[in-house]
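K.L.:
So that we are looking at the same thing, I have put the structure below in structure tokens.
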Amino acid sequence: MRLRKISFLVIVLALLPFYTSKAQVVVGPLMTSTWKSFEWPLNAAFPEAGYDVYGVVNGHMGNSCGPTAIAKLLHYHRHPVHGRGSHQFTDEYGLSYSANFEGTYYEWALMKDQFSDDATHEEYWPTAILMLHSFIMMEDPYHTGRSIEDICRLLKKYMRYAPSAYVAYRFDYSREDYIQLLKDELDAGRPLLIESWTSDSNPPGSGGSHAGHYWNIDGYDAQNHFHISYNNGDFDAWLDIDSIQVPSLEIDAHFIWALIDAKPDSSEKTFSLTMPEDNRMLKMGEPANLTWTCQNIPTVHLDFSYNGIDWIQIGENIPTEPLNWVWDGPTEASRDASLRVRDAANANYEYYYNGFQTYEKEQITLHSPLGPDTFEAGTDLCIAWESDGIQIVKLEYKESQNSDWTMINENLPGQQFFTIWEMPSTVGRTYEIRLSNPDGSIISQTDGIQISGDPQTGGPHKRDSHTVLLMHFDQNLVEEVTQPAVVTKGSAPAYAFSAPGKGAALYLDNAVRGNNSYIQVSNFDALNMRGSFTVDFWLKVNSWDASHNTRPAILVKPSSSTQVNY
Numbered sequence: 000m001r002l003r004k005i006s007f008l009v010i011v012l013a014l015l016p017f018y019t020s021k022a023q024v025v026v027g028p029l030m031t032s033t034w035k036s037f038e039w040p041l042n043a044a045f046p047e048a049g050y051d052v053y054g055v056v057n058g059h060m061g062n063s064c065g066p067t068a069i070a071k072l073l074h075y076h077r078h079p080v081h082g083r084g085s086h087q088f089t090d091e092y093g094l095s096y097s098a099n100f101e102g103t104y105y106e107w108a109l110m111k112d113q114f115s116d117d118a119t120h121e122e123y124w125p126t127a128i129l130m131l132h133s134f135i136m137m138e139d140p141y142h143t144g145r146s147i148e149d150i151c152r153l154l155k156k157y158m159r160y161a162p163s164a165y166v167a168y169r170f171d172y173s174r175e176d177y178i179q180l181l182k183d184e185l186d187a188g189r190p191l192l193i194e195s196w197t198s199d200s201n202p203p204g205s206g207g208s209h210a211g212h213y214w215n216i217d218g219y220d221a222q223n224h225f226h227i228s229y230n231n232g233d234f235d236a237w238l239d240i241d242s243i244q245v246p247s248l249e250i251d252a253h254f255i256w257a258l259i260d261a262k263p264d265s266s267e268k269t270f271s272l273t274m275p276e277d278n279r280m281l282k283m284g285e286p287a288n289l290t291w292t293c294q295n296i297p298t299v300h301l302d303f304s305y306n307g308i309d310w311i312q313i314g315e316n317i318p319t320e321p322l323n324w325v326w327d328g329p330t331e332a333s334r335d336a337s338l339r340v341r342d343a344a345n346a347n348y349e350y351y352y353n354g355f356q357t358y359e360k361e362q363i364t365l366h367s368p369l370g371p372d373t374f375e376a377g378t379d380l381c382i383a384w385e386s387d388g389i390q391i392v393k394l395e396y397k398e399s400q401n402s403d404w405t406m407i408n409e410n411l412p413g414q415q416f417f418t419i420w421e422m423p424s425t426v427g428r429t430y431e432i433r434l435s436n437p438d439g440s441i442i443s444q445t446d447g448i449q450i451s452g453d454p455q456t457g458g459p460h461k462r463d464s465h466t467v468l469l470m471h472f473d474q475n476l477v478e479e480v481t482q483p484a485v486v487t488k489g490s491a492p493a494y495a496f497s498a499p500g501k502g503a504a505l506y507l508d509n510a511v512r513g514n515n516s517y518i519q520v521s522n523f524d525a526l527n528m529r530g531s532f533t534v535d536f537w538l539k540v541n542s543w544d545a546s547h548n549t550r551p552a553i554l555v556k557p558s559s560s561t562q563v564n565y
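Residue numbers (numbering that gives the first Met the number 0): 0 to 565.
As structure tokens, then:
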């Protein structure tokens with residue numbers, strides 16, 4: 000999408016190939032759940048209450064920010080299988096709460112990442128129980144939220160979290176040290192639970208009132224921007240840790256505390272899969288040798304899932320010595336398969352290994368670009384593909400009349416599925432692009448890629464002096480010029496291969512009533528335009544239902560007084 004002002008102020012939005020600014024994502028987003036606070040049916044297990052009580056959603060007490068952020072952390076770790084102890088209380092409204100953590104089996108495999116308004120009781124109930132227990136474990140009858148220090152202690156008490164977990168306050172560290180601390184946690188695969196206070200709150204230790212919120216961080220990019228899951232108002236963006244203030248979206252996080260080393264307690268027992276570890280590709284019909292290291296677990300049950308929900312037991316009461324076991328191998332193809340290891344003697348210990356690919360044969364399919372097609376010289380082209388059974392792919396190009404290929408990248412992860420290449424600046428030339436496995440025995444290529452000196456419909460676009468806003472949607476939501484906060488509304492964003500040749504596209508699904516999904520760009524001065532401007536926006540509507548699409552906005556720019564939809 001490209002927005003351009005004719006008289007000397009231009010906004011260029013480009014809504015087809017789309018990429019997170021120029022910063023490559025280093026880690027994450029780690030969390031897959033899109034759960035938000037005060038959202039039905041996440042609060043379905045909470046007590047019923049009248050609407051005169053604050054925070055009631057669909058006739059039940061609402062799931063506030065604290066339990067929502069905690070539940071997302073527990074869901075990511077899929078821990079515990081059973082909690083420890085129990086707790087009960089009556090809150091300030093006279094509503095009773097009770098949880099037997101020890102006696103509850105948390106059904107992680109049945110918890111979905113998001114729910115529609117018409118989700119059935121069977122679909123949402125395991126998640127609703129987790130959300131309720133995440134609130135009860137806070138021991139918070141007055142709904143004040145408790146401090147993150149209290150939550151750290153209570154996660155250890157009720158949810159079997161490691162005793163090494165601690166709280167790190169932003170202003171106890173230099174900027175560089177705090178950023179590195181958070182990055183180290185994310186590098187270790189540990190999303191962060193965050194408590195924050197607004198900038199107008201009284202400083203910690205000074206007494207007086209404060210306004211706060213709980214949320215999560217689960218990724219960072221090459222510019223040290225962190226992926227923020229604010230769990231409120233569908234806010235989801237990449238921001239600087241010291242610049243999480245977005246007034247137009249009512250986002251203000253100034254005083255910040257992070258829960259560090261928040262992980263399941265493995266002091267009693269440990270299990271670690273060692274093979275296949277880096278290369279989790281299994282060919283259908285071929286034996287798979289699984290190897291591991293473990294401590295204090297004599298026998299295990301092994302389960303495999305092709306979708307992360309439905310599990311098939313592939314081994315029962317397998318001795319962990321010797322440290323391997325040979326499985327007959329997968330029987331279905333999947334790019335999202337998982338292995339689960341269960342301690343045969345203690346149901347509290349389960350270990351999940353995601354990211355397996357099971358395949359029938361090795362292959363590569365180039366999806367974008369597909370020639371013949373024309374692109375503007377010097378623009379950043381999104382190259383997208385799919386591959387099965389190939390760990391590393393090579394990317395090369397050449398002029399059509401030549402025989403020699405030039406290497407672009409010889410070490411791309413096969414499962415990355417996209418990369419960005421700066422197009423040649425030689426106008427009038429025609430090129431070929433190919434992807435292959437390392438030895439060149441499996442190839443997918445395209446020809447007829449022409450280079451023009453003029454902008455092309457659908458992009459990709461260059462930034463120029465008139466460009467105010469530019470978004471390409473190359474597997475991300477980043478505005479490339481001013482880089483304001485970009486957030487999602489409704490369902491989580493997805494990306495799809497678009498019309499031939501134009502990379503990835505933002506995909507919004509409003510098939511479920513009430514979704515009203517769109518993205519929102521935080522207001523900034525350059526967007527307050529007067530006079531003429533242009534918008535380049537390549538749009539495809541797959542289906543239309545007036546009863547569901549009550550707000551057919553795709554991108555929203557809020558102003559100080561109203562919302563202006565582009």
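We put the CB at the ideal spot given by N, CA and C, even for glycine. Quick caveat: nothing in here was measured; it's all calculated off a predicted structure.
Classify Arg174: buried if its beta carbon has 16 or more other beta carbons within 10 angstroms, exposed otherwise.
P.N.:
Within the sequence shown, the letter at position 175 stands for residue 174. When all chains shown are included, Arg174 counts as exposed.
K.L.:
Beta carbon of Thr405, beta carbon of Lys393: below 8 Å?
P.N.:
Along the sequence shown, one-based indexing puts residue 405 at 406. Along the sequence shown, one-based indexing puts residue 393 at 394. No, the Cβ-Cβ distance between Thr405 and Lys393 is not below 8 Å.
K.L.:
Compute the Euclidean distance between the alpha carbons of Tyr305 and Trp324, then round it to the nearest angstrom.
P.N.:
Within the sequence shown, residue 305 is the residue found at index 306, counting from 1. Within the sequence shown, residue 324 is the residue found at index 325, counting from 1. Tyr305 and Trp324: Cα-Cα distance of roughly 20 Å.
K.L.:
Based on Cα-Cα distance, which residue from Ile441, Gly328, Met110 and Val426 lies nearest to Gln362?
P.N.:
As a position in the sequence shown, residue 362 is number 363, starting the count at 1. When each option's Cα is compared against that of Gln362, the closest is Ile441.
K.L.:
Go to Phe472, then tell me how far its alpha helix (DSSP H) extends in each direction, as first and last residue.
P.N.:
Counted from its first residue, the sequence shown places residue 472 at position 473. Phe472 -> no alpha helix (DSSP H), and no H or E assigned at all.
K.L.:
Does the pairing of the segment 445-462 with the segment 360-378 give three or more beta-carbon distances under 8 Å?
P.N.:
Touching, yes, given that three or more Cβ pairs across the two stretches are closer than 8 Å.
K.L.:
For the segment 252-333, which segments carrying the beta strand (DSSP E) assignment without a break, of at least 3 residues, lie completely within its bounds, in sequence order?
P.N.:
Fully enclosed beta strand (DSSP E) runs of 3 or longer: 254-259, 269-274, 280-282, 287-294, 298-304, 311-318 and 323-326.
K.L.:
What residues in its chain sit with their C-beta under 7 Å from that of Ala70, if we drop five residues either side in the sequence?
P.N.:
As a first step, residue 70 is located in the sequence shown; it is residue number 71 there, counting from the start. Hits under 7 Å: Trp34, Leu129, Met130 and Ser133.
K.L.:
Using a Cβ-Cβ cut-off of 7 Å (strictly less than) and excluding sequence neighbours within five positions of Asp241, which residues of its own chain qualify?
P.N.:
Residue mapping note: residue 241 aligns to position 242 of the sequence shown, counting from 1. So the qualifying residues of the chain are Arg174.
K.L.:
Does the Cβ of Pro459 have 16 or more other Cβ atoms within 10 Å, making it buried, or fewer, making it exposed?
P.N.:
Indexing the sequence shown from 1 puts residue 459 at position 460. Flag for Pro459 reads buried.
K.L.:
Counting along the chain, where does the alpha helix (DSSP H) carrying Tyr123 start and finish?
P.N.:
The count along the sequence shown starts at 1 and reaches residue 123 at position 124. His120 to Ile135 is the extent of the alpha helix (DSSP H) around Tyr123.
K.L.:
Sorted by chain position, which residues of the same chain lie with C-beta nearer than 6 Å to Gln87's C-beta, five sequence neighbours on each side aside?
P.N.:
Locating residue 87 in the sequence shown gives position 88, counting from the first residue. If we look at Gln87 and ignore the five residues flanking it on each side, its Cβ neighbours are Ser97.
K.L.:
Between which two residues does the alpha helix (DSSP H) carrying Lys155 extend?
P.N.:
Taking the sequence shown and counting its residues from 1, the one referred to as residue 155 is at position 156. Per DSSP, Lys155 belongs to the alpha helix (DSSP H) from Ile147 to Tyr157.
K.L.:
Are at least three pairs of beta-carbons, each pair with one atom in the segment 76-93 and one in the segment 251-267, less than 8 Å apart?
P.N.:
As far as the Cβ criterion goes, the segment 76-93 touches the segment 251-267, which means the pair count is three or higher.
K.L.:
Whose CA, out of Phe225, Asp309 and Tyr123, lies closest to the CA of Val26?
P.N.:
Reading the sequence shown from its first residue, position 27 is the one you call residue 26. If we check each option's Cα against that of Val26, Phe225 comes out closest.
K.L.:
Would you identify the three-state DSSP class for Glu409, choosing helix, strand or coil?
P.N.:
Within the sequence shown, numbered from 1, the residue matching residue 409 stands at position 410. Three-state DSSP puts Glu409 in a strand.
K.L.:
Considering only residues of the segment 334-397, which uninterrupted alpha helix (DSSP H) runs meet the minimum length of 4 residues and lie entirely inside it, listed in chain order?
P.N.:
Entirely contained in the segment 334-397, not one alpha helix (DSSP H) run reaches 4 residues.
K.L.:
What three-state label does DSSP hand Ser532 in the structure shown?
P.N.:
Here residue 532 refers to the residue found at position 533 when the sequence shown is read from its first residue. The sequence given here places Phe at residue 532; Ser does not occur at that position. Strand, per DSSP.
K.L.:
CB-CB under 6 Å to Ser200, same chain, minus the five flanking residues each way: which ones, in chain order?
P.N.:
What you label residue 200 is simply residue 201 of the sequence shown in a count that begins at 1. Answer for Ser200: His209 and Ala210, listed in chain order.
K.L.:
Tell me whether Glu38 is buried or exposed, calling it buried when 16 or more other Cβ atoms sit within 10 Å of its Cβ.
P.N.:
Along the sequence shown, one-based indexing puts residue 38 at 39. By the neighbour-count rule (16 or more Cβ atoms within 10 Å), Glu38 is buried.
K.L.:
Drop a sphere of 10 angstroms on the beta-carbon of Ala43, count the other beta-carbons inside from all chains shown, and report buried for 16 or more, exposed for fewer.
P.N.:
Here residue 43 corresponds to residue number 44 of the sequence shown, with the count starting at 1. Flag for Ala43 reads buried.
K.L.:
Using the rule of at least 16 other Cβ atoms within 10 Å of the residue's Cβ for burial, across every protein chain shown, is Gly61 buried or exposed?
P.N.:
Indexing the sequence shown from 1 puts residue 61 at position 62. The residue in question, Gly61, is buried, as its Cβ has 16 or more Cβ neighbours within 10 Å.
K.L.:
May I ask you to report which of helix, strand or coil DSSP gives Leu635?
P.N.:
Since the first and last residues shown for the chain are 0 and 565, residue 635 lies out of range.
K.L.:
Using 8 Å as the threshold, is the C-beta distance between Gly328 and Met280 below it?
P.N.:
For this step, residue 328 is matched to residue 329 along the sequence shown. For this step, residue 280 is matched to residue 281 along the sequence shown. No; because the gap between Cβ atoms is not below 8 Å, this pair is not in contact.
K.L.:
Let's test the definition: count the other Cβ atoms within 10 Å of the Cβ of Asp221 and tell me whether it reaches 16, buried, or not, exposed.
P.N.:
In the sequence shown, the residue the question calls residue 221 occupies position 222. Residue identity differs from the one stated: residue 221 is Ala in this sequence, not Asp. Ala221 should be labelled exposed.
K.L.:
Alpha carbon to alpha carbon, how far is Val166 from Gly188?
P.N.:
The residue you call residue 166 lines up with position 167 of the sequence shown. The residue you call residue 188 lines up with position 189 of the sequence shown. Whole-angstrom Cα-Cα distance: 17 Å.
K.L.:
Shortest alpha-carbon distance to Ile382 belongs to which of Phe472, Leu109 and Thr425?
P.N.:
In the sequence shown, residue 382 corresponds to position 383, counting from 1. The candidate whose alpha carbon is nearest that of Ile382 is Phe472.
K.L.:
Quick one: what does DSSP say Ser464 is sitting in, helix, strand or coil?
P.N.:
Here residue 464 corresponds to residue number 465 of the sequence shown, with the count starting at 1. In this structure, Ser464 counts as coil in the three-state DSSP scheme.
K.L.:
Check whether the Cβ atoms of Tyr213 and Ile193 lie closer than 8 Å to each other.
P.N.:
Indexing the sequence shown from 1 puts residue 213 at position 214. Indexing the sequence shown from 1 puts residue 193 at position 194. Yes, these two residues count as a Cβ contact at 8 Å.
K.L.:
In the DSSP output, which residue or residues are listed as bridge partners for Glu106?
P.N.:
Within the sequence shown, numbered from 1, the residue matching residue 106 stands at position 107. Answer is none; Glu106 lacks a bridge partner.
K.L.:
So who's on the other strand from Phe88, going by DSSP bridges?
P.N.:
To locate residue 88, count along the sequence shown from 1; it is residue 89. Answer is Tyr96.
K.L.:
CB Gln455 to CB Phe417, shorter than 8 Å?
P.N.:
The count along the sequence shown starts at 1 and reaches residue 455 at position 456. The count along the sequence shown starts at 1 and reaches residue 417 at position 418. Not closer than 8 Å, so no.
K.L.:
Name the one or two DSSP bridge partners that His212 has.
P.N.:
For the purposes of this step, residue 212 is taken as the residue at position 213 of the sequence shown. His212 pairs with Ser195.
K.L.:
Can you give the Cα-Cα distance for Phe17 and Ala503, rounded to whole angstroms?
P.N.:
Walking along the sequence shown from the start, residue 17 turns up at place 18. Walking along the sequence shown from the start, residue 503 turns up at place 504. Confidence at Phe17 is low in this model, with a pLDDT of 28, below 50, so its placement is unreliable and no value can be given for it.
K.L.:
Look at the Cβ atom of Ser516, then the Cβ atom of Asp508, and state whether they are nearer than 8 Å.
P.N.:
For the purposes of this step, residue 516 is identified with residue 517 of the sequence shown, where counting begins at 1. For the purposes of this step, residue 508 is identified with residue 509 of the sequence shown, where counting begins at 1. The answer is yes: Cβ separation under 8 Å.
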